[in-house]
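Below is one structure, written out as structure tokens; comments come after it.
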Amino acid sequence: MIPARYRSGLTAKTVGITCLIAVLVIGATLWTSRAFQRLDALVVNMTNTEMDNLMTSVRLVQQTESLISLGLMLTAAETQHERRAALIDLTDRTAWIGQLTTEFYDSGADTELIARIEHTQQRLSDNITLLNSLVRDRIDGQASDSELAHIRTLATENRELAGRLSALMGYVAATMRTQMLDQSRQLSAEIQTHQQRLTWLTLLLLVTALVSGIYFEMTVVRRILRFQRALGEPDVTPDHLRVGGSDEISQLGATMGRYVERIQSQEARMQKIHTELAFLAEHDPLTELANRRHFHVAARALLEQTTQPLCVAIGDIDHFKQINDRYGHAIGDQTLVHVARRISAGLRDTDILARFGGEEFAAVLSVRSSEDGYRIFEQIRQDIARHPLTLDDGEQIGVTISFGLTMITDLDARSTLPASALPALLNDALRQADSALYRAKRAGRNRVDMTTAPPSADTTGTAPV
Amino acid sequence: MTTIHSRCRLTLAGLCLLLALCVQSVWARDDIRLGLQLEPPALDPTVTAAAAAGEITYGNVLEGLTIIDGNGTLQPRLARDWSLSDDGLSYQFRLREGVHFHDGHPFDAQIARLSLERILASDSLNPQQKWFEKVAAIRSPAPDRLVIELKQPDALLPFALALPAAVIVHPASAAGNATHPVGTGPFRFVAWDKGRSVTLARNPGYWGTPPHLSRATFMFMHTSAGTENMLAEGLVDGLLSVTRVSNRFTVRPDYRMRLRKLESKMILAINNARAPFDDLRVRRALAHAIDRDTLGTLYGEQFNPEPIGSHFPPSHPAYVDLVDRYPFDRVRARALLDEAGVAKGTEVTLTIPPTDYGRYGGLMIANDLEAIGFRVRLEQLSWSEWLSKVFEQKDYTLTLIMHVEPMDLNIYARDDYYFNYANDAFKAIWQQVLDARDEAELHRLLGEAQRRITEDAVNVFLFMRPEQNLMHRDIAGLWENSPIPSFVLEDVYWQH
């Protein structure tokens, strides 16, 4: 069973392209090798057969030409020694010519030419034999006049036959030369053809390599770069990691997308936990109002930012201990939540409200004037007094609250204060508000009291509670 | 850095090696083309007297139990060694194992026995059968043991076994060896292009050290003109015997003359049975008539062939100088002819083989014969015609010929030899030679044998051929000191 990646996908493509290039390279090598073999065969044929044939034909021309002079020497011999010497040379030369012509026949000369050469050779040989015999008699002084005349005729004929043989051999040499030239031209043409084919083959290889390169650039490199870009963005979107196709890269993209999704979901969960933990650190878990620490931070920020007068209030549920004692802590807690909601309802979202501890609440809010501030808390006080806490069994518990207020109005002076002096200013304001609350409690509770003296930043001290 | 440098060096060394191999493959030749004047009628030296058969096949295609190596020393070949019994009547040869003929047949003692028995057979055509006359029996007691029993002691038997005529052939291929020799040698027969050449190729399964050459071609140079042509065009790498044209080519930078240690004796062989040469006076007249000094210039002025007065080489310790027994004297020659009743103008046919010395030596001999009153007819034969007509049928009067076999004085004791010299006195001497008890006696008897044939003027003994080969300068390793007429190629290589 072949694994899927070898049947399709990037591996299959890589294997396919590698095989294609390998086949092309092997094919080109084999083809070139065969071309060289053929050229080699042509060159070997030229140097061995054709060259041999040419040399043979040239030798034949030379040797046959020498037959004329040797024939003359035989005819002119005056002693038996001269005659024999000429005969020996003639016989030797004609034997050699005979051997050379046989080689020439073997190389495939046309039969008519062969027949003509053989016929001439035979006549020449017969002529030499007869001439030798007549010359021998002539030297011995036994030749008749007719024989002497015959010698002359034979000598002329001998010259003519040798000349004719030489001419035939000249033709053979010319034929050989032409054959060799043809071979040379054929070789040259073959080399040219092979050169052209080799050029085309090289181009084909180059194009294949180029196309393969582009294909890999498009299908591999670019997609990988897309991943890189998508992963480099501050907000990674899993969808950007999903690329088309069904190869290893798209599988990698899908895997990476799932991985990013998993990371992002984990991150969201962590963020939520973080938000919850941060809320818990800054708020009272029962009433969900800000706690004292957060109150101070928020109040200081408000002090720094606002240009309006600020009303600082501290409220305390009247007789809360009695409620706790009578109804238990659970109802006590319900009372705290109830009061917290009513106070929140009486304030704006931008106002700062916190559970300061026990049944005590603190608020800081910007107001137009002290009257305005008084009115707001008076309304809250009345609202709480009007709306008792309704328990699950329908019983109603009347709840009242007392507020002590103070105003931070000296805005110019406040703006010149250094940031480090703001906590002292706030603390003083809270202390004054607390004093006012004390007065409100003493005055019978369920009322709002306001100090008249403005708080001072010079005052040092701790929180009023 | 070191790694890179060593890698570079390694690559460079590799390239150099590759280049060297390429250069070597381009330039180092492993073939050779050798020219021979005579084409043998058969390529089996066990059936033909033509030395050319052995010149091509001896030590190359066919091997004997022993061999005369390149230094002229007798060495074991297909035998590993041998020993002689105390009574001198039994040779025991230990043979090589794992030797195969070119056709795959294995060699063993039985094959060696059959091959040697073939020499002894009554219908044997072996030209050297005489050397084995003392053999009584041959036994092959084990595949690697061969025993040769003798009728009489024969110290020369190991030498006789090294002759080309004693090479070992296989019964399965023996019949075809004449045209397609099959042996155990380092080269195997490839082709015989009749009239032109014999080609041998390296035997890949050779039992001994493989030869350097992969191919060897022996080309037959039938004509002087052809020889000159081929040499001029560098179509042969060596000419295996001196010729008239050889010296001319030594001026070329690619050829040089190389000395050999052969014992080729040139003689004017006489048909002792044909008139008027059946008359001793006529034969002696011929001996006086030949001008050896002029004949000595046959190969060119620079060669001074050593004259001989008998069928024996001057280099042999038993040599007797008989050169002046028949001094060049035409008057005396003519007088002898007159005495024998040979009229002036008597026609005589001088048969010459198709060799350089035959053609041009023949001319000189013809002049000398003519000078004492003979009318000479030159008969030029092809080598096979010569072997058939002269050597076998003895249908000739006079012939100029070269005897190349070493120690071949025994041919004068043969009844059917082509000289037609059936002389009982010589046979008696030769029998004594064969029975000689020691070296001194042997030498004395050999001297007597020399004198006998000279006195009988069996042939006109002319001279020792100047033993020089014309070879390409770059050829090395030819066995030049072997007295066997052969061209053993196993050590031959191209120097450049």
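Taken in order, these protein sequences are the chains called S and L. So the first sequence is residues 427 to 891, counted in this note's numbering. So the second sequence is residues -7 to 488, counted in this note's numbering. The beta carbon of each residue, even a glycine, is placed where N, CA and C say it ideally should be. From a predicted model like this one, the values you see are computed outputs, not experimental measurements.
Partners in chain L for residue i, counting only beta-carbon separations shorter than 7 Å
| i | result |
| --- | --- |
| residue 489 of chain S | 217 |
| residue 510 of chain S | 355, 358 and 370 |
| residue 521 of chain S | 214 and 215 |
| residue 547 of chain S | By Cβ distance, chain L contributes nothing, its closest Cβ being about 14 Å from residue 547 of chain S, past 7 Å. |
| residue 485 of chain S | 221 |
In DSSP terms, what residue i is bridged to
| i | result |
| --- | --- |
| residue 791 of chain S | S:737 |
| residue 35 of chain L | Per DSSP, none; premise fails for residue 35 of chain L. |
| residue 83 of chain L | L:76 and L:140 |
| residue 50 of chain L | L:54 |
| residue 540 of chain S | Per DSSP, none; premise fails for residue 540 of chain S. |
| residue 808 of chain S | DSSP, once it has assigned bridges, lists no residue as partnering residue 808 of chain S. |
| residue 452 of chain L | L:260 |
| residue 212 of chain L | L:28 |
| residue 875 of chain S | S:830 |
| residue 249 of chain L | L:462 |
| residue 394 of chain L | L:258 |
Among the options, the one whose alpha carbon lies nearest that of residue i
| i | options | result |
| --- | --- | --- |
| residue 28 of chain L | L:287, L:424, L:378 and L:212 | L:212 |
| residue 651 of chain S | S:448, S:661 and S:666 | S:666 |
| residue 198 of chain L | L:376, L:98 and L:233 | L:98 |
| residue 368 of chain L | S:507, S:460 and S:471 | S:507 |
| residue 62 of chain L | L:54, L:241, L:424 and L:481 | L:481 |
| residue 484 of chain S | S:746, S:599 and S:858 | S:599 |
| residue 862 of chain S | S:832, S:537 and S:842 | S:832 |
| residue 135 of chain L | L:177, L:71 and L:159 | L:71 |
| residue 849 of chain S | S:725, S:867 and S:661 | S:725 |
| residue 303 of chain L | L:293, L:294 and L:315 | L:315 |
| residue 479 of chain S | S:525, S:452, S:502 and S:870 | S:525 |
| residue 345 of chain L | L:119, L:191, L:32 and L:278 | L:32 |
| residue 215 of chain L | L:375, L:123 and L:412 | L:375 |
| residue 410 of chain L | L:334, L:41, L:25 and L:274 | L:41 |
Straight-line gap, residue i to residue j (C-alpha atoms, nearest Å)
| i | j | result |
| --- | --- | --- |
| residue 610 of chain S | residue 187 of chain L | 31 Å |
| residue 768 of chain S | residue 698 of chain S | 29 Å |
| residue 236 of chain L | residue 162 of chain L | 40 Å |
| residue 489 of chain L | residue 473 of chain L | Because residue 489 of chain L is not part of the residues shown, which for chain L are -7 to 488, the question remains open. |
| residue 448 of chain S | residue 435 of chain S | 20 Å |
| residue 743 of chain S | residue 734 of chain S | 28 Å |
| residue 156 of chain L | residue 520 of chain S | 34 Å |
| residue 469 of chain L | residue 479 of chain L | 10 Å |
| residue 486 of chain L | residue 206 of chain L | 12 Å |
| residue 15 of chain L | residue 65 of chain L | Any reading at residue 15 of chain L is ruled out, since the residue's pLDDT is 47, under 50, leaving its predicted position unreliable. |
| residue 701 of chain S | residue 646 of chain S | 42 Å |
| residue 17 of chain L | residue 221 of chain L | With a pLDDT of only 49 at residue 17 of chain L, under 50, the local geometry of the prediction cannot be trusted, and no value is derived from it. |
| residue 173 of chain L | residue 55 of chain L | 11 Å |
| residue 484 of chain L | residue 271 of chain L | 50 Å |
| residue 96 of chain L | residue 209 of chain L | 23 Å |
| residue 529 of chain S | residue 515 of chain S | 21 Å |
| residue 493 of chain S | residue 581 of chain S | 12 Å |
| residue 659 of chain S | residue 717 of chain S | 39 Å |
| residue 295 of chain L | residue 125 of chain L | 39 Å |
| residue 309 of chain L | residue 50 of chain L | 27 Å |
| residue 706 of chain S | residue 772 of chain S | 24 Å |
| residue 595 of chain S | residue 87 of chain L | 58 Å |
| residue 359 of chain L | residue 287 of chain L | 11 Å |
| residue 265 of chain L | residue 452 of chain L | 15 Å |
Listed by chain order, chain S residues near residue i by CB distance under 9 Å
| i | result |
| --- | --- |
| residue 351 of chain L | 514, 515, 517 and 518 |
Chain L residues whose Cβ lies nearer than 8 Å to that of residue i
| i | result |
| --- | --- |
| residue 481 of chain S | 225 |
| residue 690 of chain S | Neighbours of residue 690 of chain S on chain L: none; closest Cβ ~49 Å, over 8 Å. |
Under 9 Å from the C-beta of residue i: neighbouring residues of chain L
| i | result |
| --- | --- |
| residue 506 of chain S | 358, 359, 362, 367 and 368 |
| residue 605 of chain S | Near residue 605 of chain S there are no residues of chain L at all, since even the closest Cβ is about 19 Å away, more than 9 Å. |
Contact list for residue i against chain S, beta-carbon separation under 8 Å
| i | result |
| --- | --- |
| residue 63 of chain L | The premise fails here: residue 63 of chain L is roughly 37 Å from chain S at the closest Cβ pair, so nothing lies under 8 Å. |
Short CB-CB distance (under 8 Å) between residue i and chain B
| i | result |
| --- | --- |
| residue 402 of chain L | Absent from the structure: chain B. Protein chains present are S and L. |
Supposed close pair residue i, residue j - CB separation, criterion 8 Å
| i | j | result |
| --- | --- | --- |
| residue 584 of chain S | residue 550 of chain S | 7 Å |
| residue 763 of chain S | residue 712 of chain S | 6 Å |
| residue 274 of chain L | residue 334 of chain L | 6 Å |
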